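Read in the numbering used here, the sequence shown has 253 at position 173, and its numbers run on one by one without any break. Presented below is the structure to which this report refers.
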Amino acid sequence: AGPDDPGVDRFLIEPRIVDIMGLRDVGSIDGFDVVVLADVPRLPAKLAGELAAYVYNGGGLLVAPGENVQADFYNTWWMETGGKVMPAEIGGRMIPKPGEEAKLALTTLEHRAFRSIRENSGSDIGAVVLSAYWRLSDGSREKTVAAGARMNNGDVFLAERRLGGGIVLLTACSLDNRGGNLAGCNSFVPLVHELVYYLSNPARPNLNVMPGPETTLRLAAR
Numbered sequence: 081a082g083p084d085d086p087g088v089d090r091f092l093i094e095p096r097i098v099d100i101m102g103l104r105d106v107g108s109i110d111g112f113d114v115v116v117l118a119d120v121p122r123l124p125a126k127l128a129g130e131l132a133a134y135v136y137n138g139g140g141l142l143v144a145p146g147e148n149v150q151a152d153f154y155n156t157w158w159m160e161t162g163g164k165v166m167p168a169e170i171g172g173r174m175i176p177k178p179g180e181e182a183k184l185a186l187t188t189l190e191h192r193a194f195r196s197i198r199e200n201s202g203s204d205i206g207a208v209v210l211s212a213y214w215r216l217s218d219g220s221r222e223k224t225v226a227a228g229a230r231m232n233n234g235d236v237f238l239a240e241r242r243l244g245g246g247i248v249l250l251t252a253c254s255l256d257n258r259g260g261n262l263a264g265c266n267s268f269v270p271l272v273h274e275l276v277y278y279l280s281n282p283a284r285p286n287l288n289v290m291p292g293p294e295t296t297l298r299l300a301a302r
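Dropping the structure here:
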């Protein structure tokens, strides 16, 4: 998401897409609200340190690991002060047998990014099928870590860590069609938008109003 320029509608996303080979040319990331690492294998040590500090100072980070991710980097990514960056360790690569693909457990979609999608009776989030994903450790016993969604086999789908003034979100799969049909579902774009909105301003109230219900506004008398 782009910098907070005057006159820009902050409910819109202005992305800047950078290939892994061009990361060094990005310059300072402080002007961005959210950084998304989409199947990025690993980061140079200097950039990893800068990104961790960026989150600690209030930035948002979404990590969506795909088949190219090098788990050892993410599992040993620590702040200079000693704290972990990732909300969960990335374990083995899971490739279920045909007919045994993992699905999202709808009763576990507790994260705020799923709220409007879950409440929409026409949502196809229940049709998401994962044919390949990373098994994430369950670190929800830590005070700063929470599991925001799980799959029907109990594996974590979305993990969150509060890191200083910012937030790190980690998904179990990539945001493309190589690990399942998520990117082809109608709920995909709203979900990604909600994840980015949440990371850019976690204190933002949910302004979505589902169509149909009657809305009552209480106005103060003068």
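All residues carry an ideal CB built from backbone N, CA and C; glycine is no exception. Treat the numbers as computed from the prediction; the structure is a model and nothing was measured.
Subject >> Thr73 (DSSP reduced to helix, strand or coil) >> reply: Within the shown structure, residues of the chain are numbered from 81 to 302, placing residue 73 beyond reach of any answer.
Subject >> Best match in Gly234, Ala252, Ile97, Asn232 for proximity to Glu240 [C-alpha to C-alpha] >> reply: Indexing the sequence shown from 1 puts residue 240 at position 160. Checking every option, the nearest Cα to that of Glu240 belongs to Ala252.
Original post:
Roughly how many angstroms separate the alpha carbons of Met174 and Gly138, rounded to a whole number?
Top reply: Taking the sequence shown and counting its residues from 1, one reaches residue 174 at position 94. Taking the sequence shown and counting its residues from 1, one reaches residue 138 at position 58. One C-alpha to the other measures close to 33 Å.
Subject >> For Val135, three-class secondary structure by DSSP >> reply: Working through the sequence shown from its first residue, we reach residue 135 at position 55. It is helical.
Original post:
Are there three or more Cβ pairs, one per stretch, closer than 8 Å when the segment 263-277 is compared with the segment 221-232?
Top reply: Contact fails: fewer than three Cβ-Cβ distances are below 8 Å.
Original post:
Which residues in the same chain as Gly264 place their Cβ atom closer than 8 Å to its Cβ, once the five residues preceding and following it in sequence are excluded?
Top reply: In the sequence shown, the residue the question calls residue 264 occupies position 184. Excluding residues within five positions, the ones whose Cβ falls inside 8 Å are Asn257.
**OP:** Would you mind sorting Ala229 into buried or exposed? The rule is 16 or more other CB atoms within 10 Å of its CB.
**Re:** The residue labelled residue 229 in the question sits at position 149 within the sequence shown. With 16 or more other Cβ atoms within 10 Å, it is buried.
Subject >> contact_flag[the segment 112-128, the segment 142-161] where n(CB pairs < 8 Å) is 3 or more >> reply: Flag = yes, the segment 112-128 and the segment 142-161 touch.
**OP:** For Asn288, collect the residues of the same chain with a Cβ closer than 7 Å to its Cβ; drop the 5 residues on either side in sequence, then sort them by chain order.
**Re:** Taking the first residue of the sequence shown as 1, we reach residue 288 at position 208. With a pLDDT of 48 at Asn288, under the threshold of 50, the modelled position of this residue cannot be trusted; read the value that follows with caution. Same-chain partners within the cutoff: Ser196.
Original post:
Which class does Phe112 belong to by DSSP, given the choice of helix, strand or coil?
Top reply: As a position in the sequence shown, residue 112 is number 32, starting the count at 1. Phe112 falls in the coil class under three-state DSSP.
Original post:
So is Val115 buried or exposed if we call it buried at 16+ other beta carbons inside 10 Å?
Top reply: Looking up residue 115 in the sequence shown gives position 35. Answer is buried; the Cβ neighbour count reaches 16.
**OP:** Go ahead and label Ser267 buried or exposed: buried means 16 or more other beta carbons lie within 10 angstroms of its beta carbon, across all protein chains shown.
**Re:** Residue 267 sits at position 187 when you count from the first residue of the sequence shown. Here Ser267 is buried, its C-beta having at least 16 other C-beta atoms within 10 Å.
Original post:
Can you tell me where the beta strand (DSSP E) with Val225 in it begins and where it stops?
Top reply: As a first step, residue 225 must be located in the sequence shown, where it is residue number 145. Element bounds for Val225: 225-230.
Original post:
In or out: Val143 buried (at least 16 other Cβ within 10 Å) or exposed?
Top reply: The residue you call residue 143 lines up with position 63 of the sequence shown. Per the 10 Å Cβ criterion, buried.
Subject >> Residues near Gly244 in its chain [Cβ-Cβ closer than 8 Å; skip 5 each side] >> reply: For this step, residue 244 is matched to residue 164 along the sequence shown. So the qualifying residues of the chain are Val135, Tyr136, Asn137, Gly138.
**OP:** Provide the residue(s) that pair with Arg242 in DSSP beta bridges, ordered along the chain.
**Re:** Walking along the sequence shown from the start, residue 242 turns up at place 162. Answer by DSSP bridge pairing, in chain order: Ile247.
Original post:
Buried or exposed: Pro178, going by 16 or more other Cβ atoms within 10 Å of its Cβ?
Top reply: Working through the sequence shown from its first residue, we reach residue 178 at position 98. Residue environment: Pro178 is assigned as exposed (fewer than 16 neighbouring CB atoms within 10 Å of its CB, all protein chains considered).
Subject >> Spatial distance of Gly292 from Ser280 (CA atoms) >> reply: Here residue 292 refers to the residue found at position 212 when the sequence shown is read from its first residue. Here residue 280 refers to the residue found at position 200 when the sequence shown is read from its first residue. Legend: pLDDT at Gly292 = 49, less than 50; position of this residue unreliable, value from coordinates given subsequently. Near 29 Å, if we compare the C-alpha coordinates of Ser280 and Gly292.
Subject >> Residues bridged to Leu210 (per DSSP) >> reply: The count along the sequence shown starts at 1 and reaches residue 210 at position 130. Looking at the DSSP assignment, Leu210 forms a beta bridge with Ala182, Gly260.
**OP:** In angstroms with no decimal places, state the Cα-to-Cα distance between Glu130 and Gly171.
**Re:** Counting from 1 along the sequence shown, the entry for residue 130 is found at position 50. Counting from 1 along the sequence shown, the entry for residue 171 is found at position 91. Each residue's Cα considered, the two are about 25 Å apart.
Original post:
Going straight from the alpha carbon of Leu141 to that of Ala128, what length do you get?
Top reply: If you number the sequence shown from 1, residue 141 lands on position 61. If you number the sequence shown from 1, residue 128 lands on position 48. Straight-line Cα distance between these residues: approximately 12 Å.
Subject >> Which residues DSSP lists as bridging Ala144, in chain order >> reply: As a first step, residue 144 must be located in the sequence shown, where it is residue number 64. Paired residue(s): Ala118.
**OP:** Can you have a look at Leu255 and say buried or exposed, based on whether 16 or more other CB atoms are within 10 angstroms of its CB?
**Re:** In the sequence shown, counting from the first residue as 1, residue 255 sits at position 175. It counts as buried.
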